[in-house]
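Going line by line, the protein sequences match chains A and B. Just so you know, we're using our numbering here: the first sequence kicks off at 993 and counts up by one. Just so you know, we're using our numbering here: the second sequence kicks off at 708 and counts up by one. Working notes, beginning with the structure itself.
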Amino acid sequence: MATSTAAVTPGTTIASKRRFGGDEVAYLVTLIFAALILLVTLAIVWQLWLHSSPAREKFGFSFLISKLWNPVTDQFGAWPFIYGTILTSFLALLIAVPLGVGAAIFLSELARPTLSNTLTFLVELLAAVPSVIYGLLAIFTLIPLMRDYIDPGIQSVLGFLPFFSGHIYGVGYLTAGTVLAIMTFPFIISVSREALMAVPREQREAALALGATQWESTFNAVLPFAKLGIMGSVFLALARALGETMAVTMVIGNDPAIHASLFAPGYTIAAVIANEFTEATGNTYLSALVELGLVLFALTIIINGVAQLLIVLTTKKGSAKA
Amino acid sequence: MLPTPFLNFNKGDKSMKKLVVLGLTVLPTFLATAAMGAETINGAGATFPNPIYQQWFGEFKMAHPDVSINYQSLGSGAGVRQLTEGTVDFGASDMVMTDDQLKAMADAKKPTPLHFPTVLGAVVLTYNIPGVTSDLNLTPEAIAGIYLGSVTKWNDPKIASANPGVSLPAKDIEVVHRSDGSGTSYIFTDYLSKVSPEWKMKVGVNASVSWPLGLGGKGNEGVTGLVKQTPDSIGYVELIYAVQQKMPYANVKNASGKFVKASFTSVTAAAAAAKEMPEDFRVSITNGMGAGVYPISSFTWLLIPSEIKDPAKKKSITDFLAWMLTTGQKDCEGLQYAQLPKAVVAKEQKQIALIK
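In structure tokens:
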């Protein structure tokens, strides 16, 4: 403390001048920008809360667990949509995370730079494709494929499980999960690859010097180092999957019911809002849709919170090991 | 007659020059708009008639350069909502406003809207049954049964009896409906409620309903996609869409016992056959009587406030309505809409006078 004051004293006048000239302004401006994010978030929550009040007053907490969605009789419940949203996002991550992380490892650790750069460019192109294009492609290619080959194939082996029993429509939870996986895995590859590339060379060299094979070095020395970045990519993917609207509604079958079978049609929160908002007449109906938006918002916050917690816990464990 | 120094720039005065150039380009446009006193009328609502509305508003502007009509095709529900809140000058809807909605507007001391039918549309049942190439005949009982889940196979007697000579497969029927709220679903459920008491009791009429079974496709294109992709499926779409996509659609048995295919003629006939056209045009013409009537037909309406305070705006809107009922109707068939019958046009022309 004493040393630092002593060091600063000779230049006080210049320093204070500078601060007023640049740093102070930069601080204020960036603070305002940062505060805007918080303000927008709060404004969204406030609006959703305000406009969902008729539905909240009418249904209370039963809105969250009710399975009924009937615009004719004005009875609304969110449970089938919550179920569909979580299930399809989970399926998407189940498929996309191993694929994405595996591809990222190949691109950053094993592939030649020219190949790696070409493939990365293509992956980034994939990430920029609008979701409605994925939806259309899914209608014309993925749905027939699922209906005629993939779903019957799974059913013939695992059909005794309730998840894989029942009628095969082609559209449904599994198809929606697959489309979401295809849509999210460019994000996982792209961000994970960056995280892996950022691992210092010494980390690899040290492992190799200790006699590790290339794979051992990647798995034991590089991956733990990049764990935070890889997890970040997974949460980015999850956020996209939870909120995805167009592509999902085109392939999920849009049936507000809960089915154990992954081949059955379902519904997600974002999809029902997009489908029914424009033609919703009547206060209760409209506010029920707004309340669904609030539920999606809460769901995203909860899942992200859990995810952050997971990061904190696992990194502590990791550092303790090291 | 600009003074010379005004345009005499130094070489370094680029920004100033830009500013003046900008001013000179923007100013005339602004002045022109102001000079014409251009009237802008805003409307919002139904998506189904949007193509013809856009054409109408474009043509009307050619004839009346001082009137611009902006139309946002947000959906019938949004049209009614925005009109109720007074954020638009007129609304448009595929469903009539309910008594409750009109009463709510009257209670709020807002001018209640008049309903003006503009064109007619029809909902057809399109199908994909491998091996069946001839036109299918469907009875109201069969359609209601399929959508209620009591008719589950294509060779069910309710379907087979109306289709002698057609070999229908013993396959499960894959039922497809719209997932998004839409006027198309409203017309279809309105028809089903008229022909099936069970449907009326269990499901009811709305732009979105709680479907007893089936897959939901988003929009006409979503339903078309699912029907094309799923063998042994059936779905309902707007007539225009089935024609454009060259999809087969069923002949439907009407209230007079005849199997009729949807066409401009049979849809217009449905409107002409509406026996008692109420004074306010709030009428459902589904399941109409008459030999040539296609039973799943409906009007689509413009919702015009009964009192427009701004006299210029009032004149523009009434001018447009008069134009739409005469010249505008000629655009219908080019865009695959059915025209209004003459009797309805005459009656609507009288209603224009009610706008105060």
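Ideal placement from N, C-alpha and C gives every residue a C-beta, glycine not left out.
Considered as a whole, the stretch 779-846 of chain B harbours 783-792 and 806-814 as its complete alpha helix (DSSP H) runs of no fewer than 4 residues, in chain order. By the criterion of a C-beta distance shorter than 7 Å, residue 1126 of chain A is surrounded in its chain by 1171, 1174, 1175 and 1239, once the five residues flanking it on both sides are discounted.
Around the beta carbon of residue 1207 of chain A, fewer than 16 other beta carbons sit within 10 angstroms, so the residue counts as exposed. Neighbours of residue 855 of chain B across chain A, judged by C-beta separation under 8 Å, do not exist; the nearest C-beta is about 15 Å away.
Between the stretch 841-859 of chain B and the stretch 1225-1233 of chain A there are fewer than three C-beta pairs closer than 8 Å, too few to call the two in contact. Neighbours of residue 1061 of chain A across chain B, judged by C-beta separation under 8 Å: 917. Looking only at A:1021, A:1023, A:1041 and A:1029, the smallest Cα-Cα distance to residue 1283 of chain A is reached by A:1041. In terms of Cβ geometry, residue 1045 of chain B and residue 1004 of chain B form a close pair [threshold 9 Å]. DSSP places residue 1010 of chain B in the strand class (E or B) of the three-state scheme.
Listed as beta-bridge partners of residue 922 of chain B by DSSP are B:883. Residue 860 of chain B is bridged by DSSP to B:879.
Put simply, the CB of residue 788 of chain B is near chain A, with a gap under 9 Å to one of its CB atoms. Proximity of the stretch 874-892 of chain B to the stretch 914-932 of chain B meets the contact definition, three or more beta-carbon pairs being nearer than 8 Å.
Among the residues of chain B, none has a CB under 9 Å from the CB of residue 1296 of chain A; the nearest is roughly 28 Å distant. The alpha-carbon of residue 924 of chain B is positioned some 30 Å away from that of residue 1180 of chain A. Judged by DSSP secondary structure, residue 960 of chain B falls within the beta strand (DSSP E) whose first and last residues are 958-960. Neighbours of residue 1007 of chain B in chain A, taken as residues whose beta carbon is under 8 Å from its own, are absent, since the nearest beta carbon is some 14 Å off. When DSSP assignments are scanned along the stretch 996-1062 of chain B, the uninterrupted stretches of alpha helix (DSSP H) that are 4 or more residues long and fall wholly within it turn out to be 1018-1032 and 1049-1059.
For residue 1106 of chain A, the enclosing alpha helix (DSSP H) covers residues 1105-1119. In the structure shown, residue 993 of chain B adopts coil according to DSSP, grouped into three states. Within chain A, no residue has its CB atom less than 9 Å from the CB of residue 831 of chain B, the nearest being about 20 Å off. The distance from the Cβ of residue 1008 of chain B to that of residue 822 of chain B is about 5 Å, consistent with a contact at the 8 Å cut-off.
With the criterion set as a beta carbon lying under 9 Å from some beta carbon of chain A, the members of the stretch 774-785 of chain B are 781, 782, 783, 784 and 785, in sequence order. Taking the beta carbon of residue 937 of chain B as reference, the chain A residues within 7 Å of it are 1162, listed in sequence order. Cβ proximity to chain B below 9 Å picks out 1241, 1242, 1244, 1245, 1246, 1247, 1248, 1257, 1259, 1263, 1264, 1266, 1267, 1268, 1269, 1270 and 1271 from the stretch 1239-1271 of chain A. Looking from the CA of residue 773 of chain B, the closest CA among B:806, B:758, B:889 and B:746 belongs to B:746. Residue 1018 of chain B is classed as exposed because its beta carbon has fewer than 16 other beta carbons within 10 Å across all chains shown. Residue-level contact by beta carbon holds for residue 1136 of chain A and chain B, with a gap shorter than 9 Å.
In the displayed model, residue 1296 of chain A falls within a helix according to three-state DSSP. The stretch 1282-1300 of chain A makes contact with the stretch 1043-1056 of chain A; the number of CB pairs closer than 8 Å reaches 3 or more.
Using beta-carbon distances, residue 859 of chain B does not count as an interface residue toward chain A, since no partner is under 9 Å.
The Cβ atoms of residue 1233 of chain A and residue 1081 of chain A lie closer than 9 Å to each other.
Leaving aside the five residues that flank residue 1262 of chain A on each side, the residues in its chain whose CB is nearer than 6 Å to its CB run, in chain order, 1235 and 1237. Listed as beta-bridge partners of residue 1061 of chain A by DSSP are A:1068. Distance check between residue 1064 of chain A and each of A:1146, A:1298, A:1025 and A:1272 places A:1272 closest, using alpha-carbon atoms only.
Take residue 959 of chain B, set aside five residues on each side of it, and the residues of its chain with a beta-carbon closer than 6 Å to its own are 845 and 1002, in chain order.
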